[in-house]
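Novice: Below is the structure I would like to discuss, written out as structure tokens.
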Amino acid sequence: MRVHDGRPLWQRVRPYFAVFDPQLAVIMLMLLSVGLVTLYSAGIAIPGQMTGQARNICMAFLVTWIAANTPPQVMMRIAVPAYALGVALLVAVALFGTIKGGSRRWLTFGIQVQPSEYMKIAMPLMMAWFFQRQQGQLRWHSYLIAALLLAIPVGLIARQPDLGTAMLVVAAGAYVIFLGGLSWKAVAAMGAAACAALPVLWSVMHDYQRDRVLTLIDPYHDPLGKGFHIIQSMIAIGSGGFGGKGWTHGTQAHLEFIPERTTDFIFAVFSEEFGLTGNMVLLVLYLLLIVRGLNIAVNASTFFTRLLAGSITMIYFTYAFVNMGMVSGIVPVVGVPLPFMSYGGTALMTLGLGGGILMSIQHHSRGVRGGAAARAWGATA
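Under the numbering used here, the first residue of the sequence shown is numbered 5, with each subsequent residue one higher.
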């Protein structure tokens, strides 16, 4: 089929897909494929899981494509409105949000949305914009303002309560602050202050949050109660051995000993069925994802894009580390999904949005480098 300018349709459409970074796209597709294989086994007795995840992947692809086609200059312009909208939605949640399972985290507009997920991207956007504006004139009060910008949404999210998402939003903002030039001495001082504040934090934690910390320290103090799920998860991981029990042959998963086996604890299902060998392959995929993201950050053409790409990449790292850590019993259970593998629409779209932003940064940085090279060649010719 041809259009009015004489070019085939695919040639007109191709530029809109040329923004995809091949390396990053392949890694994301491989993780999604591993996730679908594992999800099929984990949710084999749950009707509609695969159909639902296929729909989620299609929506995430659309979000990724839109973000990849959005120039970084546009991202800079929308950073402040995006942050303001996110804070406004969090305030709306606090005032009249929907309560489920004892937590007030959702707004209902015909469909339910979770504004705290949106802040995982809006936060680094805002922080990167702020440090771009402050570049060359950073003072101690700049970091104080940045900390305040971070504390407002984190406080609202923690109040819901949603410790896992609050921790991820803190990480998203903290990565930008550190990459923006915060000294190691200041980081050490804040670490010491955080340790000193632990008794105060303990006193304001909810009972279930304290239980999670105590369960981390000794899951066997209540093996049939609060410690049951994490014990069963660790049994599943250990029973996988070197090569695993085989796809769809995991006993802990199919006998329903593993909690939330299609979402937060999908790593336990994967470990039981594919063993240490599968885990090493999965870790390599996540390592490649992080290396590619950091490479995009290093080669970014502006301070804003370097900070944004670096923060989003480290969010991926935090997602993977926290999820694998909580399922393995080395960090408290905080409800963080495994990137590109856990079932769920909102988290998958957030991850896809981050991937699209990285691709946009890489595409436009490549264009800037190509233009600079062309100008340099012209000057020497």
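Cβ atoms here follow ideal geometry from the backbone N, Cα and C, with glycine treated the same way. Model, not experiment: these values are computed from the prediction.
Let's see if you can read the secondary structure: which residues bound the beta strand (DSSP E) around residue 103?
Specialist: Here the question's residue 103 lines up with position 99 in the sequence shown. Counting along the chain, the beta strand (DSSP E) containing residue 103 begins and ends at 102–104.
Novice: Threshold first: 4 residues or longer. Then list the alpha helix (DSSP H) segments lying entirely within the stretch 65–150, N to C.
Specialist: 76–100, 119–138
Novice: Whose C-beta lies closer than 6 angstroms to the C-beta of residue 183 among residues of the same chain, with five residues either side of it excluded?
Specialist: Within the sequence shown, residue 183 is the residue found at index 179, counting from 1. Same-chain partners within the cutoff: 311, 314.
Novice: Scan the stretch 226–255 and note each continuous alpha helix (DSSP H) run of 4 residues or more that stays entirely inside, going in chain order.
Specialist: As far as the stretch 226–255 is concerned, its whole alpha helix (DSSP H) runs of at least 4 residues are 232–243.
Novice: Give the straight-line distance between the Cα atoms of residue 109 and residue 348, rounded to the nearest whole angstrom.
Specialist: Looking up residue 109 in the sequence shown gives position 105. Looking up residue 348 in the sequence shown gives position 344. Computed Cα separation, rounded: 16 angstroms.
Novice: Reducing DSSP to helix, strand and coil, say where residue 336 ends up.
Specialist: The residue given as residue 336 occupies position 332 in the sequence shown. Residue 336: coil per DSSP, three-state reduction.
Novice: In angstroms, rounded to a whole number, what distance separates the CA positions of residue 224 and residue 159?
Specialist: Locating residue 224 in the sequence shown gives position 220, counting from the first residue. Locating residue 159 in the sequence shown gives position 155, counting from the first residue. Roughly 32 angstroms separates the two Cα atoms.
Novice: Can you tell me whether residue 249 is buried or exposed? The criterion is at least 16 other CB atoms within 10 Å of its CB, across all chains shown.
Specialist: Mapped onto the sequence shown, residue 249 falls at position 245. Flag for residue 249 reads buried.
Novice: For residue 175 versus residue 356, is the C-beta distance shorter than 7 angstroms?
Specialist: Translated into the one-based positions of the sequence shown, residue 175 becomes position 171. Translated into the one-based positions of the sequence shown, residue 356 becomes position 352. Result no, Cβ atoms of residue 175 and residue 356 do not sit closer than 7 angstroms.
Novice: Would you be able to state if there are at least three C-beta pairs under 8 angstroms between the stretch 100–107 and the stretch 43–61?
Specialist: no
Novice: Using a Cβ-Cβ cutoff of less than 6 angstroms, which residues in the same chain neighbour residue 333 once the five nearest sequence positions on both sides are dropped?
Specialist: By one-based count along the sequence shown, residue 333 stands at place 329. Answer for residue 333: 234, 238, listed in chain order.
Novice: Going by Cα to Cα distance, which pick from 35, 163, 142, 134 is closest to residue 95?
Specialist: Position 91 of the sequence shown, counting from 1, holds the residue named residue 95. Nearest of 35, 163, 142, 134 to residue 95, Cα basis: 163.
Novice: DSSP three-state label for residue 165, please.
Specialist: For the purposes of this step, residue 165 is taken as residue 161 along the sequence shown, with counting starting at 1. Residue 165 falls in the coil class under three-state DSSP.
Novice: Count the other C-beta atoms from every protein chain shown that fall within 10 angstroms of the C-beta of residue 277, then say buried if there are 16 or more, exposed otherwise.
Specialist: Counting from one through the sequence shown, the residue named residue 277 turns up at place 273. With 16 or more neighbouring CB atoms inside 10 Å of its own CB, residue 277 falls in the buried class.
Novice: Confirm, please, whether the CB-CB distance from residue 247 to residue 281 is below 7 angstroms.
Specialist: Position 277 of the sequence shown, counting from 1, holds the residue named residue 281. Position 243 of the sequence shown, counting from 1, holds the residue named residue 247. Yes, Cβ-Cβ distance for residue 281 and residue 247 is below 7 angstroms.
Novice: By DSSP, does residue 263 sit in helix, in strand, or in coil?
Specialist: The residue you call residue 263 lines up with position 259 of the sequence shown. Shown here, residue 263 sits in coil according to DSSP, grouped into three states, outside any helix or strand.
Novice: Apart from the five residues just before and just after residue 70, which ones in its own chain have a Cβ nearer than 8 angstroms to its Cβ?
Specialist: Position 66 of the sequence shown, counted from the first residue, corresponds to residue 70. Contacts found: 360.
Novice: Could you tell me which uninterrupted alpha helix (DSSP H) segments, each at least 4 residues in length, are contained entirely in the stretch 20–53, listed from first to last along the chain?
Specialist: 26–46
Novice: Going by alpha carbons, who is nearest to residue 166 out of 179, 136, 308, 97?
Specialist: For the purposes of this step, residue 166 is taken as residue 162 along the sequence shown, with counting starting at 1. Closest by alpha carbon: 97.
Novice: Does the Cβ of residue 88 have 16 or more other Cβ atoms within 10 Å, making it buried, or fewer, making it exposed?
Specialist: Taking the first residue of the sequence shown as 1, we reach residue 88 at position 84. Result: exposed.
Novice: Keeping to the same chain, check which residues put their C-beta closer than 7 angstroms to that of residue 170; ignore five residues upstream and five downstream.
Specialist: Counted from its first residue, the sequence shown places residue 170 at position 166. The residues are 158, 161, 162.
Novice: Using CA coordinates, which residue listed in 336, 228, 115, 258 is at the minimum distance from residue 50?
Specialist: Locating residue 50 in the sequence shown gives position 46, counting from the first residue. The shortest Cα separation from residue 50 among 336, 228, 115, 258 belongs to 258.
Novice: Let me confirm a value: residue 100 is counted as buried when at least 16 other C-beta atoms fall within 10 Å, else exposed. Which label applies?
Specialist: Here the question's residue 100 lines up with position 96 in the sequence shown. Classification for residue 100: exposed.
Novice: Measure the CB-CB distance between residue 266 and residue 126 and report whether it falls below 7 angstroms.
Specialist: Against the sequence shown, residue 266 aligns to sequence position 262. Against the sequence shown, residue 126 aligns to sequence position 122. No, the Cβ-Cβ distance between residue 266 and residue 126 is not below 7 angstroms.
Novice: Just to check my reading of the structure: residue 294 and residue 320 have Cβ atoms closer than 8 angstroms, yes? What is that Cβ distance to the nearest angstrom?
Specialist: As a position in the sequence shown, residue 294 is number 290, starting the count at 1. As a position in the sequence shown, residue 320 is number 316, starting the count at 1. Here residue 294 really is in contact with residue 320; their C-beta atoms are around 6 angstroms apart, less than 8 angstroms.
Novice: For the alpha helix (DSSP H) that contains residue 303, what are its first and last residues?
Specialist: Position 299 of the sequence shown, counted from the start, is the residue given in the question as residue 303. Per DSSP, residue 303 belongs to no alpha helix (DSSP H) and is neither H nor E.
Novice: Looking at the unbroken alpha helix (DSSP H) that takes in residue 203, where does it start and where does it end?
Specialist: Counting from one through the sequence shown, the residue named residue 203 turns up at place 199. Where residue 203 is concerned, the enclosing alpha helix (DSSP H) stretches over 202–208.
Novice: Could you give the C-beta distance for residue 339 and residue 168, rounded to a whole number, given that I count them as a contact under 8 angstroms?
Specialist: Counted from its first residue, the sequence shown places residue 339 at position 335. Counted from its first residue, the sequence shown places residue 168 at position 164. Contact flag correct, Cβ pair sits at about 4 angstroms.
Novice: Over what stretch of residues does the alpha helix (DSSP H) that includes residue 268 continue unbroken?
Specialist: Against the sequence shown, residue 268 aligns to sequence position 264. From DSSP, residue 268 is part of no alpha helix (DSSP H); its letter is neither H nor E.
Novice: Could you please give the first and the last residue of the uninterrupted alpha helix (DSSP H) stretch that includes residue 220?
Specialist: As a position in the sequence shown, residue 220 is number 216, starting the count at 1. Looking at the DSSP string, the run of the alpha helix (DSSP H) that includes residue 220 is 211–221.
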